[in-house]
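K.L.:
Below are the structure tokens for one structure; questions will follow.
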Amino acid sequence: MPAQSSQVPSSWNLETIRQQIVGLTSQVPLLNGQLHPYISLDNAASTPALQPVQRRVNEFLAWYSSVHRGTGFKSQLSTWAYEQARHIVLQFVGADPQHDTVIFGKNTTESLNQLAHRFRARDERVLTSVMEHHSNLLPWRADGDELLDYVAVTPDGRLDEEDLVRKLEQYNGHVKLVAVSGASNVTGYVPPIQRLAEIAHRFGALILVDGAQLAAHRPISMGAPGDPERIDFLALSAHKMYAPFGSGALIGARDFFAQGEPKMVGGGTIDIVTLERTVWTAPPERDEAGSPNVVGAVALAVAAATLQEIGWSFIVDHEQTLTTYALRRLHQVPGLHLLGGGDPERVADRLGVISFVLENTPHALVAAILAYEHGIGVRHGCFCAHPYMLRLLNVPPEEIARYQAGIERGDRSHIPGAVRASLGIYNTAAEVDILVEALTRIARGEYAGEYELDPITGDYTPLGYTVRFEEHFSFQ
Ligand SMILES: Cc1ncc(COP(=O)(O)O)c(C=O)c1O
Numbered sequence: 020m021p022a023q024s025s026q027v028p029s030s031w032n033l034e035t036i037r038q039q040i041v042g043l044t045s046q047v048p049l050l051n052g053q054l055h056p057y058i059s060l061d062n063a064a065s066t067p068a069l070q071p072v073q074r075r076v077n078e079f080l081a082w083y084s085s086v087h088r089g090t091g092f093k094s095q096l097s098t099w100a101y102e103q104a105r106h107i108v109l110q111f112v113g114a115d116p117q118h119d120t121v122i123f124g125k126n127t128t129e130s131l132n133q134l135a136h137r138f139r140a141r142d143e144r145v146l147t148s149v150m151e152h153h154s155n156l157l158p159w160r161a162d163g164d165e166l167l168d169y170v171a172v173t174p175d176g177r178l179d180e181e182d183l184v185r186k187l188e189q190y191n192g193h194v195k196l197v198a199v200s201g202a203s204n205v206t207g208y209v210p211p212i213q214r215l216a217e218i219a220h221r222f223g224a225l226i227l228v229d230g231a232q233l234a235a236h237r238p239i240s241m242g243a244p245g246d247p248e249r250i251d252f253l254a255l256s257a258h259k260m261y262a263p264f265g266s267g268a269l270i271g272a273r274d275f276f277a278q279g280e281p282k283m284v285g286g287g288t289i290d291i292v293t294l295e296r297t298v299w300t301a302p303p304e305r306d307e308a309g310s311p312n313v314v315g316a317v318a319l320a321v322a323a324a325t326l327q328e329i330g331w332s333f334i335v336d337h338e339q340t341l342t343t344y345a346l347r348r349l350h351q352v353p354g355l356h357l358l359g360g361g362d363p364e365r366v367a368d369r370l371g372v373i374s375f376v377l378e379n380t381p382h383a384l385v386a387a388i389l390a391y392e393h394g395i396g397v398r399h400g401c402f403c404a405h406p407y408m409l410r411l412l413n414v415p416p417e418e419i420a421r422y423q424a425g426i427e428r429g430d431r432s433h434i435p436g437a438v439r440a441s442l443g444i445y446n447t448a449a450e451v452d453i454l455v456e457a458l459t460r461i462a463r464g465e466y467a468g469e470y471e472l473d474p475i476t477g478d479y480t481p482l483g484y485t486v487r488f489e490e491h492f493s494f495q
């Protein structure tokens with residue numbers, strides 16, 4: 020277990036990164052009454068915080084004040100820091116500071132809703148895909164389905180590029196936006212976003228990349244205006260980038276956001292208001308209604324700068340090596356099936372987001388045993404990507420109807436799903452070994468607890484066991 024260090028490391032490697040992860044040495048209670056180091060394999064949901072982020076946020080709080088409208092020194096400094104954060108984010112995603120802007124919000128979901136509002140207001144046709152997280156699917160169809168269509172996925176869960184071209188041809192120049200994930204939160208699959216951009220542009224459409232999963236794991240280059248491979252819009256969330264302070268960003272051309280009404284309106288979004296008239300202000304403030312989350316913006320910028328300092332070659336190399344190792348080892352677990360195939364030799368176009376099912380053991384039970392008996396944090400279920408999951412699991416339509424009826428009755432007992440282990444920059448082969456050992460034991464039926472299913476939540480808990488969170492965290 021690495022000692023936590025409050026110093027900035029002179030060089031970054033796996034050991035120094037681990038020293039800079041907040042809470043890495045936290046011990047969690049197990050069913051057997053012992054404390055055990057927590058193994059965090061749920062990075063696709065939220066990553067832990069990086070200490071440089073925590074340190075800078077603490078330093079910044081001494082200077083923190085209201086942004087934009089205050090005249091005092093602290094307000095001026097906070098405004099400066101907020102605007103600097105935009106520059107750092109622009110640089111992080113390879114956008115063009117002359118042309119592009121950053122709209123800070125609370126997360127990817129909010130960013131996607133904001134962008135969808137602009138396209139829906141103009142009744143514009145949008146293509147998204149079957150592999151999307153609900154956050155890149157529901158905002159586009161909020162007012163109905165008529166102007167939305169879905170690019171298919173192949174049986175192994177990859178975006179079907181031929182179907183994309185077919186649909187763009189079929190709509191004959193009427194598709195205005197292709198909205199695709201930069202990386203799947205189920206299979207880790209990374210579509211060729213630059214190639215997809217070129218295809219979209221060829222048919223006169225713009226492209227949005229949902230960068231929620233991608234941003235902390237691969238370098239992103241939005242590119243220059245006019246470049247056929249340019250990514251026109253990008254959305255990301257800081258809590259998936261080691262900076263959990265409630266911020267996210269939408270990046271795109273300033274000119275685009277200068278058109279149309281913002282989704283959220285209120286203070287900060289206008290130049291002038293009379294009782295009869297509203298004159299919207301210029302981007303990005305036009306889309307940042309209310310007092311901005313300056314602390315979150317600073318945290319996001321520090322995280323972006325720290326990831327760049329660690330270096331993409333280390334991040335990509337470490338995560339790919341670990342993913343190959345994890346896939347190889349998981350294939351050895353009896354009765355374990357990886358969604359999307361999980362070829363250990365094919366990691367160039369995927370992240371370490373690994374979903375699997377274990378024969379004869381419900382996904383919810385596997386996740387519960389991992390938590391209560393092994394101190395391992397994973398996720399289970401359909402990961403807010405129901406259409407994609409049902410496709411990957413090959414659930415026939417009549418079964419889907421049965422599950423839907425069950426859920427509508429409030430019964431989640433037998434809903435289909437999988438377990439997801441997702442890797443971050445700080446995870447190790449030893450942690451993967453612990454996961455694999457635990458899964459092998461579960462596959463053999465070796466676990467201590469007697470677990471009860473709550474049909475309302477679909478979760479399992481060990482009978483007779485109570486967790487006392489107040490022993491670990493208190494508000495006073
Ligand atoms: C691919 C993808 N898109 C969007 C989101 C939504 O992110 P947030 O909850 O931060 O808005 C997630 C969250 O898991 C995701 O994985």
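Under this note's numbering, the very last position in the sequence shown is 495; numbers go up by exactly one each time.
From the three backbone atoms N, C-alpha and C, an ideal C-beta is built for every residue, glycine too.
What I want to know is whether the C-beta of Lys259 ends up closer than 7 Å to one or more non-hydrogen atoms of ligand 1.
P.N.:
Flag set: Cβ of Lys259 near ligand 1.
K.L.:
Taking the C-alpha atoms as reference points, what is the distance between His433 and Pro416?
P.N.:
Those two C-alpha atoms are separated by around 16 Å.
K.L.:
Can you list the alpha helix (DSSP H) stretches of 4 or more residues lying completely in the segment 227-281, in chain order?
P.N.:
You should have 273-276.
K.L.:
When every heavy atom of ligand 1 is checked, does at least one fall within less than 7 Å of the C-beta of Ala63?
P.N.:
Answer for Ala63: yes, Cβ within range of ligand 1.
K.L.:
Does ligand 1 have even one heavy atom less than 7 Å from the beta-carbon of Gln232?
P.N.:
Yes.
K.L.:
Checking 8 Å against the spacing of the C-beta atoms, do His356 and Phe375 come in under that value?
P.N.:
For His356 and Phe375, yes; Cβs fall inside 8 Å.
K.L.:
Determine the direct distance from the alpha carbon of His118 to that of Arg273, and round the result to whole angstroms.
P.N.:
Whole-angstrom Cα-Cα distance: 6 Å.
K.L.:
If I follow the unbroken alpha helix (DSSP H) through Trp99, where does it start and stop?
P.N.:
Looking at the DSSP string, the run of the alpha helix (DSSP H) that includes Trp99 is Phe92 to Phe111.
K.L.:
Could you check which residue in Tyr422, Leu346, Ile270 and Cys401 has the C-alpha nearest to that of Gly124?
P.N.:
For Gly124, the nearest C-alpha among the options comes from Ile270.
K.L.:
Helix, strand or coil for Leu146? Go by DSSP, reduced to three states.
P.N.:
Note: Leu146 maps to strand in three-state DSSP.
K.L.:
What would DSSP say about His433, mapped onto helix, strand or coil?
P.N.:
Residue state, collapsed to three classes: coil.
K.L.:
Ligand 1 and Thr127: does any heavy atom of the ligand fall closer than 7 Å to the residue's C-beta?
P.N.:
Yes; taking the cut-off as 7 Å, the Cβ of Thr127 has a heavy atom of ligand 1 nearer than that.
K.L.:
Return the residue from the list Asp478, Tyr208 and Leu349 that minimises the CA-CA distance to Glu450.
P.N.:
It is Leu349 whose Cα lies nearest to the Cα of Glu450.
K.L.:
What did DSSP end up calling Asp179 once you bin it into helix, strand or coil?
P.N.:
Coil, per DSSP.
K.L.:
Any heavy atom of ligand 1 closer than 7 Å to the Cβ of Cys403?
P.N.:
Cys403: yes, Cβ under 7 Å from ligand 1.
K.L.:
Excluding the 5 residues flanking Val197 on each side, which residues of the same chain have their C-beta closer than 6 Å to its C-beta?
P.N.:
Cβ within range, chain order: Leu146, Ala219, Ala224 and Ile226.
K.L.:
Looking only at its chain, what residues have a beta carbon closer than 7 Å to the beta carbon of Leu384, apart from the 5 residues adjacent to it on each side?
P.N.:
Result list for Leu384: Tyr470 and Tyr479, in chain order.
K.L.:
Can you tell me whether Leu341 is helix, strand or coil according to DSSP?
P.N.:
Helix.
K.L.:
Helix, strand or coil for Thr288, going by three-state DSSP, please let me know.
P.N.:
If DSSP states are grouped into helix, strand and coil, Thr288 belongs with coil.
K.L.:
May I have the straight-line CA-CA distance separating Phe252 from Ala104, to the nearest angstrom?
P.N.:
Rounded to whole angstroms, Phe252 to Ala104 spans 18 Å at the Cα level.
K.L.:
Here's the rule: buried if 16 or more other CB atoms are within 10 angstroms of the residue's CB, otherwise exposed. What is Gly192?
P.N.:
The residue in question, Gly192, is exposed, as its Cβ has fewer than 16 Cβ neighbours within 10 Å.
K.L.:
Measuring alpha carbon to alpha carbon, tell me which residue in Gly163, Thr98 and Gly396 is nearest Val313.
P.N.:
If we check each option's Cα against that of Val313, Thr98 comes out closest.
K.L.:
Is the beta carbon of Asn77 within less than 7 Å of some heavy atom of ligand 1?
P.N.:
No, ligand 1 has no heavy atom inside 7 Å of this Cβ.
K.L.:
Which whole-angstrom value is the C-beta distance of Leu50 and Gly309, which I expect to be below 8 Å?
P.N.:
At roughly 44 Å, the Cβ-Cβ gap does not stay under 8 Å, so Leu50 and Gly309 are not in contact.
K.L.:
Please classify Ile291: is it buried, with 16 or more other beta-carbons within 10 angstroms of its beta-carbon, or exposed?
P.N.:
It counts as exposed.
K.L.:
Please classify Asn77 as buried or exposed, where buried requires at least 16 other C-beta atoms within 10 Å of its C-beta.
P.N.:
Label assigned to Asn77: exposed.
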